[in-house]
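Below is one structure; the comments refer to it alone.
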Amino acid sequence: MLPPRFLRRLVLAPLVIVLAVAAVVTLPIWLLVVAAASLRLPPPQRRGTRLVWFAVAWLTLETMALIACFGIWVTSGFGGRLSRDEYEERHYALIKWFLSKVYEAAERIFGLSVEIDGPPPHPDELSRRLTRPVIVLSRHAGPGDSVLLVHHLLSAYGRRPRIVMKAALQLDPSLDVLTNRLPNAFVPRNVDSGGIIAEIRRLASGMDADDALVIFPEGGNFTPRRQARAIRRLERKGLAEEAARARRLNHLLAPHPGGAIAAIDACPAADVVFVAHTGLDDLVTLGDLWRKLPVRAEVRATWWRVSAADVPRDDEDRIRWLYDHWERIDVWIAANHSAPAGGD
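All residue numbers for the sequence shown refer to the UniProt record's numbering, where the first residue is 1 and numbers rise by one.
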């Protein structure tokens with residue numbers, strides 16, 4: 001059960017700051033201990049020191065973000081003016097800075113590289129950027145894919161992301177403070193689909209031209225077991241066409257159309273952007289992270305835009321349309337999927 005907000009503020013946030021200070025002070029000891037312990041492992045798994053460096057970098061950035069959040073809270077009249085646009089912009093700028101530094105740390109420590117193949121920047125495409133809101137429908141695969149997506153939305157495209165997230169993510173203090181001051185939503189683990197759709201509809205209905213609502217229609221990372229379970233669920237509902245199409249997907253789970261349809265209904269002026277990516281697919285569990293953590297993490301991504309005028313208006317047509325684009329993503333992944341992460 002998630003602790004109440006006041007307890008998270010009074011306990012978890014200060015705890016992160018204490019841990020960050022302790023980690024920096026004892027960093028040489030941790031590096032020596034982990035390096036010595038790693039000598040017993042085969043060479044592909046001697047990456048513990050990288051994890052130590054990244055953990056210290058993350059804790060340090062968390063601490064700096066929390067201190068900045070406290071400063072914004074004070075200057076806003078101890079929270080009295082946080083809802084004003086100027087303070088909302090400060091929080092988006094802080095998230096952009098935080099994710100940029102996390103991205104830089106991942107580049108240096110894990111050799112992370114991201115290659116994005118987007119639409120050519122011809123005049124028509126450029127004229128549509130930041131002139132209307134967008135609904136981003138992305139594949140969900142691997143750790144940090146949502147972080148990379150939000151980072152690029154803020155840094156490369158000047159968008160202000162809105163996301164529906166799992167409530168447990170509020171255990172991360174800086175994420176908890178920052179995202180709860182902005183138009184986002186957290187849903188408990190046991191919430192039904194109706195509750196999630198209601199939050200998506202709420203976020204979509206208030207979007208401006210530079211906003212982006214991020215949705216992961218799969219609802220989780222792909223595994224063969226989850227794929228089989230999703231297909232059985234469709235069959236139990238009598239959705240034979242969707243089940244047959246889901247069975248042909250080799251890298252994706254069947255999309256849940258309810259959230260996408262709710263977002264389109266709530267913001268019919270929004271363009272829809274589809275995002276495909278590969279590179280972190282094989283890192284699903286903590287064990288995968290330890291065994292396969294790459295010396296160089298190469299992520300490839302692509303995206304394409306569907307104009308609001310070209311989005312189907314009938315729900316049945318929208319579901320077929322969504323599966324059409326999901327199949328396109330699946331084909332792209334098959335063509336661009338690299339070897340499993342982890343080799344030296």
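Backbone N, C-alpha and C fix where the C-beta goes; we use that ideal spot for every residue, glycine too.
Reduced DSSP category for residue i - H, G, I as helix; E, B as strand; rest coil
i: Thr302; result: strand
i: Lys96; result: helix
i: Ala156; result: coil
i: Val311; result: coil
i: Arg189; result: coil
i: Arg181; result: coil
i: Pro161; result: strand
i: Lys166; result: strand
i: Leu322; result: helix
i: His337; result: coil
i: Asp176; result: helix
i: Glu104; result: helix
i: Ala266; result: helix
i: Asp344; result: Residue confidence for Asp344 is low, a pLDDT of 36 falling below 50, so the modelled location carries little weight and cannot support an answer.
i: Ala20; result: helix
i: Ala141; result: coil
i: Leu148; result: helix
i: His91; result: helix
i: residue 345; result: No information on residue 345 is available, as it lies outside the stretch 1 to 344 that the chain covers here.
i: residue 352; result: Any property of residue 352 remains undetermined from this structure, which presents the chain solely from 1 to 344.
Residue i classed as buried or exposed, judged by whether at least 16 other C-beta atoms fall within 10 angstroms
i: Pro255; result: buried
i: Val136; result: buried
i: Met1; result: exposed
i: Pro133; result: buried
i: Arg162; result: buried
i: Thr75; result: exposed
i: Val16; result: buried
i: Leu175; result: buried
i: Glu316; result: exposed
i: Thr26; result: exposed
i: Gly206; result: exposed
i: Glu242; result: buried
i: Phe78; result: exposed
i: Ile200; result: buried
i: Pro224; result: exposed
i: Thr302; result: buried
i: Val299; result: buried
i: Ile319; result: buried
i: Asp324; result: exposed
i: residue 356; result: Outside the shown range of the chain (1 to 344) lies residue 356, about which nothing can therefore be said.
i: Asp208; result: exposed
i: Ile29; result: exposed
Rounded Cβ spacing between residue i and residue j (contact assumed at less than 8 Å)
i: Asp85; j: Arg159; result: Contact flag wrong, Cβ pair sits at about 16 Å.
i: Ser138; j: Phe186; result: About 19 Å separates the two Cβ atoms, so there is no contact after all.
i: Leu99; j: Arg181; result: The Cβ separation is near 16 Å, so there is no contact.
i: Pro257; j: Ala308; result: About 17 Å; that fails the 8 Å criterion.
i: Ile196; j: Val164; result: 6 Å
i: Lys96; j: Ser155; result: 6 Å
i: Leu178; j: Ala65; result: 7 Å
i: Arg313; j: Asp271; result: That pair is no contact at about 15 Å.
i: Phe6; j: Arg50; result: Rounded, the Cβ-Cβ distance is 36 Å, inconsistent with contact.
i: Leu253; j: Glu218; result: 4 Å
The beta strand (DSSP E) enclosing residue i, as first and last residue numbers
i: Glu115; result: 113 to 117
i: Ser83; result: Taken as a continuous stretch (DSSP letters only), Ser83 belongs to no beta strand (DSSP E), as it is neither H nor E.
i: Thr278; result: 271 to 278
i: Ser138; result: 134 to 138
Alpha helix (DSSP H) segment containing residue i, residue limits
i: Ala198; result: 193 to 205
i: His256; result: Note, His256: premise wrong, no alpha helix (DSSP H); not H, not E.
i: Phe70; result: 48 to 75
i: Val214; result: That residue, Val214, is in no alpha helix (DSSP H); its beta strand (DSSP E) goes 211 to 215.
i: Val11; result: No alpha helix (DSSP H) holds Val11; DSSP gives it neither H nor E.
i: Arg245; result: 240 to 247
i: Ala36; result: 27 to 38
i: His235; result: In the sequence as presented, His is not what sits at residue 235; that position holds Glu. First-last of the alpha helix (DSSP H) with Glu235: 224 to 236.
Touching by the beta-carbon criterion (3+ pairs, under 8 Å), the stretch 271 to 282 and the stretch 236 to 249: no
Segment contact, 8 Å Cβ cut-off, at least three pairs: the stretch 99 to 117 with the stretch 67 to 74: no
The stretch 53 to 63 in contact with the stretch 8 to 22 per 3-pair CB rule at 8 Å: yes
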